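Protein chains in written order, with our numbering: chain C, 84 to 239; chain S, 137 to 305.
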């Protein structure tokens, strides 16, 4: 999907926050110099086209008594699709990426209890017949959440 | 008096209503003029109370932020690499802060090694428009770490298999 200047402005603005007020879209739209309807239409399209994967409050499972963990697997190429399907079926799998490496599958678990991470890992090992490598974060250093969308880089 | 407070608040600082708010909003905010009104009606509370609750969860760090999660590929970031480094454990915190502060690094974490298969303990996500640019970023990190870089690798993502975010049930 081609992104124009307004799309980029919307994406950049929305990465740094959203107002908590009765008519937040109208407030945001005013800041962007467009009307509310235009903003809502653009936002819907960005979500439909999967340029944005989500829009709303981003919760931290680890502050809710749960846990996050990054987990890696070495999946034989000829079983990759099958294993991806099994892993993705778990609701606790929040994201999953294929990467170019012997460790070719990397997923993030978000669970509502700390113990659930191990349980899900054991279940995945059993269902896939492959070992998992659990790598929970020990420390988080710094997070830049906003990736600026620049001019002329809109289309894949 | 302090006991009374402890009774009212659940151990992790959220109560049943917060939990219902999380479940109602974790897939996204409604794209309508008054989104908090719509949600509040569903939850049987006032929009005022809903906004207060959300604000409290934001202040308490339960909500990292309200905003959009972009698909890096669609934004033109075609080279998304997880760079991984084997650095001395006794220096990792100061090195992690430095690497995490680089503008092209979106996330930086200390994670456990999984020896012998996985010797790396510092993870930094790098997003670039091309592999060439990403590899330049890797070189910059290597330069910053200097002799503390005892080995590194870059794992480029080739496909998003899933990206839904946290889901409470």
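Each residue gets a CB set at the ideal place from its N, CA and C atoms; glycine is no exception. No experiment lies behind these values; they were computed from the predicted model shown.
Asked, Found
"Which residue or residues does DSSP assign as beta-bridge partners of residue 244/S?", "225/C and 260/S"
"Taking the runs of the beta strand (DSSP E) that are 3 residues or longer, which of them lie wholly in the stretch 139-219 of chain S?", "199-206"
"Three or more C-beta pairs under 8 angstroms: does that hold for the stretch 161-171 of chain S against the stretch 102-109 of chain C?", "yes"
"Would you mind stating whether residue 207/C and residue 158/C have Cβ atoms separated by less than 8 angstroms?", "no"
"CB-CB under 8 angstroms to residue 275/S, same chain, minus the five flanking residues each way: which ones, in chain order?", "none"
"Should residue 94/C be flagged as near chain S, meaning a C-beta pair shorter than 8 angstroms?", "yes"
"Which residue marks the beginning of the beta strand (DSSP E) containing residue 234/S, and which one marks its end?", "Where residue 234/S is concerned, there is no enclosing beta strand (DSSP E), although the alpha helix (DSSP H) it sits in stretches over 228-236."
"Taking Cβ to Cβ, would you say residue 247/S is nearer than 8 angstroms to residue 219/C?", "yes"
"Considering only C-alpha positions, which residue in the set 149/C, 148/C and 133/C is nearest to residue 207/S?", "133/C"
"Measuring CA to CA, which of 279/S, 299/S, 178/S and 194/S is closest to residue 234/S?", "279/S"
"Can you give the beta carbon distance from residue 144/C to residue 193/C, rounded, assuming they're within the 8 angstroms contact cut?", "4 angstroms"
"List, in chain order, every chain S residue whose beta-carbon is nearer than 9 angstroms to that of residue 114/C.", "Simply none; closest approach about 14 angstroms."
"Applying the criterion that 16 or more other CB atoms from any shown protein chain within 10 Å of the CB defines a buried residue, is residue 212/S buried or exposed?", "buried"
"Is the CB of residue 313/S under 8 angstroms away from at least one CB in chain C?", "Outside the shown range of chain S (137 to 305) lies residue 313/S, about which nothing can therefore be said."
"Can you name the residues that DSSP bridges to residue 92/C?", "Bridge partners of residue 92/C: none, in fact."
"Buried or exposed for residue 212/C, going by 16 or more other Cβ atoms inside 10 Å?", "exposed"
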